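These protein sequence lines are chains U and V, in that order.
Everything in the first sequence is counted per my numbering, starting at 1 for the first residue and increasing by one.
Everything in the second sequence is counted per my numbering, starting at 1001 for the first residue and increasing by one.
Using N, Cα and C, we set each Cβ at its ideal position, and we do this for glycine too.
Since we're looking at a predicted model, the values are computed, not measured.
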Amino acid sequence: SQQGEEDPQALSIQEGENATMNCSYKTSINNLQWYRQNSGRGLVHLILIRSNEREKHSGRLRVTLDTSKKSSSLLITASRAADTASYFCATETSGSRLTFGEGTQLTVNP
Amino acid sequence: GAVVSQHPSRVICKSGTSVKIECRSLDFQATTMFWYRQFPKQSLMLMATSNEGSKATYEQGVEKDKFLINHASLTLSTLTVASAHPEDSSFYICSAVREANQPQHFGDGTRLSIL
């Protein structure tokens, strides 16, 4: 079974709005990572947040991690049509092995 | 940034054919490479973990004799789908990582269609 569960499964917003995606997991982790996948392509790494970190920023992306609740969120601010993609969280427990969540399909309408 | 090359990007072949997919890390030595399978509109499912010079570690339910993995060097891993059948049709993606607690770098995937 998947370690991570993400919500929402699908999100549709207008350009300029913010998009928030959530991820929950079940076991202790070394880190949690967020990836983006355009249709029919491989995954692109966005942010890695370690278990002792609570928040990380990269450009328009903000990731939070709450290890007590075993949850993480990805916020994309001022969204653009080019942000349309599937977003996955993944948890690393040991040996670089990742377990992926089910993903959120984000659609940003021009 | 780090680049992982996966080849071929698309394969269409007849049932019973064996198909080899290559995954290369172009600008770093990968201690570990991973092979995933992805069905339409679903998440990635880890198939196996590949370490250079040692046998791959397969996830539960993945047939070792069907999905043969060779990790000949720190920059190359191959996945061979032996005697492929229509149910093996899927999107296969590889990734490479320098060390633990670092991001994985993904290839662009291989769309395998078995007729």
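The alpha carbon of U:Arg80 has as its nearest neighbour, out of U:Asn18, U:Gln9 and U:Asp7, the alpha carbon of U:Asn18. For U:Asn52, no CB of chain V lies under 8 Å from its own CB, so it is not counted at the interface with that chain. Per DSSP, the beta bridge partners of U:Leu75 are U:Thr20 and U:Arg62. Annotation: Cβ neighbours of V:Gly1109 in chain U (cutoff 8 Å, chain order): Gly40, Arg41 and Gly42.
Going by DSSP, V:Asp1065 is part of no beta strand (DSSP E) at all; its letter is neither H nor E. Distance from the CA of V:Met1047 to the CA of V:Asn1070, rounded to the nearest whole angstrom, comes to 14 Å. Sequence-distant Cβ neighbours of V:Ala1084 in its own chain, meaning closer than 8 Å and more than five residues away, are Cys1013, Ser1015, Gly1016, Thr1017, Ser1018, Val1019, Leu1112 and Ile1114. DSSP, read as helix, strand or coil, puts V:Asp1108 in coil. Straight through space, the alpha carbons of V:Gln1006 and U:Asn52 are spaced by roughly 34 Å. Annotation for V:Val1019: the continuous beta strand (DSSP E) segment containing it runs Val1019 to Ser1025.
Closer than 8 Å to the CB of V:Val1097 there is at least one CB belonging to chain U.
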